[in-house]
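Chemist: Okay, so the sequence shown: first residue is 84 according to the numbering used here, each after it adds one.
By construction, the Cβ of each residue, glycine as well, lies at the ideal position given by its N, Cα and C atoms.
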Amino acid sequence: MKGVVLAGGSGSRLYPLTRITNKHLLPVYDKPMIFHPIETLVRAGIAEIMVVTGGNNAGDFLRLLGNGRDFGLKQIHYAYQEREGGVAEALSLAEDFVAGDRCVLVLGDNVIEDDISEFVAHFAAQPAGARILLKEIDDRRHLVHLGVAVLNDHRVVRIMEKPRDPPSAYAVTGVYMYDAGVFDIVRTLVPSGRGELEITDVINEYIRRGLMEYDILNGFWGDAGESIDHYMTVITYVAKHWRKRKARGRAS
Numbered sequence: 084m085k086g087v088v089l090a091g092g093s094g095s096r097l098y099p100l101t102r103i104t105n106k107h108l109l110p111v112y113d114k115p116m117i118f119h120p121i122e123t124l125v126r127a128g129i130a131e132i133m134v135v136t137g138g139n140n141a142g143d144f145l146r147l148l149g150n151g152r153d154f155g156l157k158q159i160h161y162a163y164q165e166r167e168g169g170v171a172e173a174l175s176l177a178e179d180f181v182a183g184d185r186c187v188l189v190l191g192d193n194v195i196e197d198d199i200s201e202f203v204a205h206f207a208a209q210p211a212g213a214r215i216l217l218k219e220i221d222d223r224r225h226l227v228h229l230g231v232a233v234l235n236d237h238r239v240v241r242i243m244e245k246p247r248d249p250p251s252a253y254a255v256t257g258v259y260m261y262d263a264g265v266f267d268i269v270r271t272l273v274p275s276g277r278g279e280l281e282i283t284d285v286i287n288e289y290i291r292r293g294l295m296e297y298d299i300l301n302g303f304w305g306d307a308g309e310s311i312d313h314y315m316t317v318i319t320y321v322a323k324h325w326r327k328r329k330a331r332g333r334a335s
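1. Among all the DSSP beta bridges, which residues are the ones paired with Thr-136?
2. Where does Ser-175 land, buried or exposed, given buried means 16+ other C-beta within 10 angstroms?
3. Going by DSSP, what residues sit across from Ile-215 in a beta bridge?
4. How many angstroms separate the CA atom of Leu-89 from the CA atom of Gly-308?
5. Residues in its own chain within less than 8 Å of Leu-108 by CB, not counting five upstream and five downstream?
6. Tell me the rounded alpha-carbon separation between Gly-168 and Pro-250.
7. With 16 as the cutoff for other CB atoms within 10 Å, does Arg-333 come out buried or exposed?
8. Excluding sequence positions up to five away, which residues of its chain have a Cβ less than 8 Å from the Cβ of Arg-126?
9. On a Cα-Cα basis, can you pick out the residue from Gly-276, Gly-91, Thr-319 and Arg-247 that is closest to Ala-162?
10. Per DSSP, what kind of secondary structure is Ala-127 in: helix, strand or coil?
11. List the residues that DSSP assigns as beta-bridge partners of Glu-244.
12. Rounding to the nearest angstrom, what Cα-Cα distance links His-237 and Arg-102 in this structure?
13. Mind reading off the beta-carbon distance from Glu-165 to Phe-266? Whole number of angstroms is fine, and I expect it under 8 Å.
Rendered as structure tokens:
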């Protein structure tokens, strides 16, 4: 199982914080944002990880992350996205790295409290297909800015992107698990109205084929790149709750 972290994009929703740096290099409490998705993968037992980035700050990731030794890794692989072509296009750059294996894709601005090891094990037990992680969101005003799952009889039947009338309370998080067939699907995609290859189209194709499963996150999930307000919400939560967890760990 390979891990892929996407850390490209202009970060326009966090402007002017991102005027001179990539948003994934911004701090989230006591560590850079990019550390969080990498640590999520490492906790799940994934030891081969690629970071896909772009823009003028690619070298900063190399200097910050190095070969991954600080995460207990032997090596971190890197790919460069030359243009903002969407999440699915960025994933396609990892095809040679994944090399016919399965992969867990995590968006670089996602901060996840849960250990996803159990969910990765569920995916490994699937004969084929894909798996997504959902999170129940109580605030419908927030859901209209997210990808939302349409559920029927405990199955995902469709993903709606930024729906005016959310069909459920379950948002699609930035954790996606795919078999090697995902790259063939990406090659069939047509750019959306904003000129990008959309990851929602990939998910819906797996759903159409009857090959999509899901799990639900119980702990905190935050998209630190969604807006300045959500960035601050993530920092506040991490500072309050994860600091207490660290203190308990030291006390024990």
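Modeler: Result, derived from the coordinates:
1. Residue pairing by DSSP places Thr-136 opposite Ala-90 and Tyr-163 in a beta bridge.
2. With 16 or more other Cβ atoms within 10 Å, it is buried.
3. Paired residue(s): Tyr-259 and Tyr-297.
4. Answer to the nearest angstrom: the Cα atoms are 12 Å apart.
5. Hits under 8 Å: Pro-115, Met-116, Ile-117, Asn-140, Asp-143, Phe-144 and Leu-147.
6. Between Gly-168 and Pro-250, the alpha-carbon positions lie close to 28 Å from each other.
7. Low confidence applies to Arg-333: its pLDDT is 47, below 50, so where it sits in the model is not reliable, and the reading given next is rough at best. With fewer than 16 Cβ atoms within 10 Å of its Cβ, Arg-333 is classed as exposed.
8. Closer than 8 Å at Cβ, skipping near neighbours: Asp-198, Ile-199 and Ser-200.
9. In terms of CA proximity to Ala-162, Gly-91 leads the group Gly-276, Gly-91, Thr-319 and Arg-247.
10. In this structure, Ala-127 counts as coil in the three-state DSSP scheme.
11. For Glu-244, which the question treats as bridged, DSSP gives the partners Gly-230.
12. Their backbone Cα atoms lie some 43 Å apart in a straight line.
13. Rounded to whole angstroms, the Cβ separation of Glu-165 and Phe-266 is 18 Å, and the two are not in contact under 8 Å.
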